[in-house]
Every structure is written in C-alpha cells, then in structure tokens.
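Some notes on the structure that comes next.
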Amino acid sequence: MRSLMFTADPGIAEIALLIEDRWQGRGIGTAMVRMLLGQARDLGFAEVRATLLFDNMRMRRLLGSMGATLTHSEDPGVMEARIAVGVMTAAAG
C-alpha cells in the first residue's frame, strides 16, 4: 500500500506506505518511495514529508538514501522526514 497525500501547506505532500513484514528487504519500499517522489515532482510539489517510528531503522535508512532530512518530533519515539523533491539524490532517481 502506498499513498501521496495533500497537506494544508502549499507545495508540500505527505507520503505513507506499508510493506508487510514478509515482503520487506526486497526493494519494494524503495520502488514505492521512488514512485511517490516522482508523482510528487510531476504534480509540482517542492517537498515530501513522512512520519515514522524512531525504531523503524529500515525506513530511516531508505528515506536517508533518498536525501531525506530526519528529525525528532515532539512525540517521543516518532521522527519526521523531509525530502526536497527537486533535490532528490541519484539513488532516488
């Protein structure tokens, strides 16, 4: 499952995805994030955001490889990721 959602902030979209445990580690999440970033770019968004659990190391690595800036949120155990769509790394494209 993957989703690109509009936000109240102009030029910013939010992504969400879910990969069932038995399918993780096969590149599916990477493909989904690339697809969502491409859609965001095509729709004219400047930035994509995601919210993830601090202990979700796979997603932290994946989003980091796509050029995301990861920061702690106000909620303990939760992180925020921001990716400037126009500045995606070569790994993302």
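full-length UniProt numbering applies: residue 1 is where the sequence shown begins, and numbers increase by one. For glycine and all other residues, C-beta sits at the position ideal for the given N, C-alpha and C.
Taking buried to mean at least 16 other C-beta atoms within 10 Å of its own C-beta, is Gly29 buried or exposed?
The residue is buried, with at least 16 neighbouring Cβ atoms inside 10 Å.
key: Unbroken beta strand (DSSP E) run spanning Val48, endpoints   = Where Val48 is concerned, the enclosing beta strand (DSSP E) stretches over 47-53.
Problem set entry | Alpha-carbon spacing of Ala16 relative to Arg2, whole angstroms | 6 Å
Check Met5 in the structure and name its three-state DSSP category. strand
### Exposure label - Val78; buried when at least 16 CB within 10 Å
exposed
- Going by CA-CA distance only, name the one from Phe54, Arg58, Leu63 that's closest to Glu74. Checking every option, the nearest Cα to that of Glu74 belongs to Phe54.
Practice task
Leaving aside the five residues before and after Ala68 along the sequence, list all residues of the same chain whose C-beta is less than 7 Å from its C-beta, in chain order.
Solution key: Ala81, Arg82, Ile83
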